[in-house]
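Contents: one structure, followed by commentary.
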Amino acid sequence: MRCGIDVGFGFTKAVNEKGKEVVFPSAVSKTFMTDIGLKPTSDYFVTYLNQTYAVGEAATQCLITETSFSEERFFSEFSKLLVLTALMALESDREVELGLGLPLMLYPKLKEKVKDYFEFLEEIIIDKNGIAHSYHIARCEVFPQGVGALFSITSPVEDGIYCILDVGFRTTDVIVVEIKSKNINPLLDMCFTVDKGMSLAVERLGLMIERKYGVSYDTSLLFDIHERSHISVRGRKIDIEPHKKEVFRAIADDIVQSISRRLQRGFDTFDAVLASGGGAFTVASVLQKEFSNVQIIENSQFANAKGYLALLSLGL
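Under UniProt numbering, the first residue of the sequence shown carries the number 1, and numbering increases by one thereafter.
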């Protein structure tokens, strides 16, 4: 079974060729299962090599949570646990063709390391009900994240020059490509990574909440901030939507300005500017105030994972 998995700094997004999609925070925590007759209700609790881990949202609720931002995360047990958990959640077959991605700035350096780490892997992971899931990664291909997003577009893309903004949790990749007669040529002089993403909004929102209400919310507790409109403060529900709008708008402006300073041409000179990633809507809403050629890639959070799946199918 072919599976595309986007192991992002904030969230892991995964799709398979049957169309199933899963998303969960890229967080892992060593834990243990209690023996008092209570089973955890939150996914995911898994056992790997005799150690039990909380993965995803379950990990964000643990006292000690690992959310690695290092380069090594992409070819480490941390990523392996996220990938195996994603395969389990996708209900994948044992034999897997796996598409993964890397941020643009790390792609040339780490592509082969990641491929060698995952390809031909034979692993067993046990779910919270004690059922073992065995996987053999028969093939692994590694792609640049923004290019993956481009291949997620189902409608034909006309010839022209396109700017893809892949707005992630930690970084934003800018990839400019020329499409001519179905050939895609990256314009490398205009491809780069901005070391800014939507994690800045989460951090700033945490500080704003602390200053205004005197309570501390760390990053792990605000992973789901896009879906949350209230927080609890001393037993009261506080509406944080106004704070979210203010912070997200400021961070999106910051990201757009950082990109503008490095691009060698204006956004309005491209045939289209395509936004993908978890922060696509926020950044695109800023750009759309000035430019009519800015579009959000459909199902933008899953754009990279879907693109990896498409690239696997093309044999690339």
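Ideal Cβ placement from N, Cα and C applies to all residues, glycine included. Just so it is clear, the structure is predicted and the values come from calculations on it, not from any experiment.
query, result
"Aspartate 254: first and last residue of the uninterrupted alpha helix (DSSP H) it sits in", "241-262"
"Nearest candidate by alpha-carbon position, reference aspartate 93, set Glu119, Gly101, Ile131 and Tyr135", "Tyr135"
"Meets three-Cβ-pair contact criterion under 8 Å: the stretch 227-243 and the stretch 295-302", "no"
"Closest residue to leucine 49 among Glu21, Gly19 and Leu84 (Cα-Cα distance)", "Leu84"
"Serine 292 burial status per 10 Å Cβ neighbour count (16 or more: buried)", "exposed"
"Sequence ranges, beta strand (DSSP E) only - wholly within the UniProt domain \"Actin-like protein N-terminal\" (4-148), length at least 3", "11-16, 21-25, 28-31, 45-48, 51-55, 95-102, 122-126 and 132-144"
"Three or more C-beta pairs below 8 Å linking the stretch 269-277 and the stretch 159-178", "yes"
"Straight-line Cα distance separating lysine 20 from lysine 13", "11 Å"
"Buried versus exposed call for aspartate 268 [16 or more other C-beta atoms within 10 Å across all chains shown]", "exposed"
"C-beta atoms of arginine 262 and phenylalanine 192 nearer than 8 Å", "yes"
"Alanine 149 vs isoleucine 297 beta-carbon contact at 8 Å", "yes"
"Reference glutamate 72, options Leu106, Gly10 and Val28, closest by Cα", "Leu106"
"Close Cβ partners of valine 294 (< 6 Å) along its chain, the five nearest in sequence each way excluded", "Val273, Ala284, Leu287 and Gln288"
"Aspartate 195 to aspartate 254 span [Cα, whole Å]", "11 Å"
"Straight-line gap, leucine 38 to aspartate 116 (C-alpha atoms, nearest Å)", "Caution applies to leucine 38, whose pLDDT of 42 falls short of 50 and renders its modelled position unreliable; the model cannot decide the point."
"Cβ pair count under 8 Å reaching 3, the stretch 201-219 against the stretch 153-162", "no"
"Check whether leucine 314 and phenylalanine 143 have beta carbons under 8 Å apart", "no"
"Leucine 90 and tyrosine 53 closer than 8 Å at C-beta", "no"
"Option in Asn129, Leu207, Phe11 and Val147 with minimal Cα separation from alanine 86", "Phe11"
"CA nearest to the CA of glutamine 51, picked from Gly130, Leu110 and Val96", "Gly130"
"Buried versus exposed call for valine 27 [16 or more other C-beta atoms within 10 Å across all chains shown]", "In the sequence as displayed, the identity of residue 27 is alanine instead of valine. It is buried - the Cβ of alanine 27 has at least 16 other Cβ atoms within 10 Å."
"Through-space distance from asparagine 185 to valine 157, alpha-carbon basis", "14 Å"
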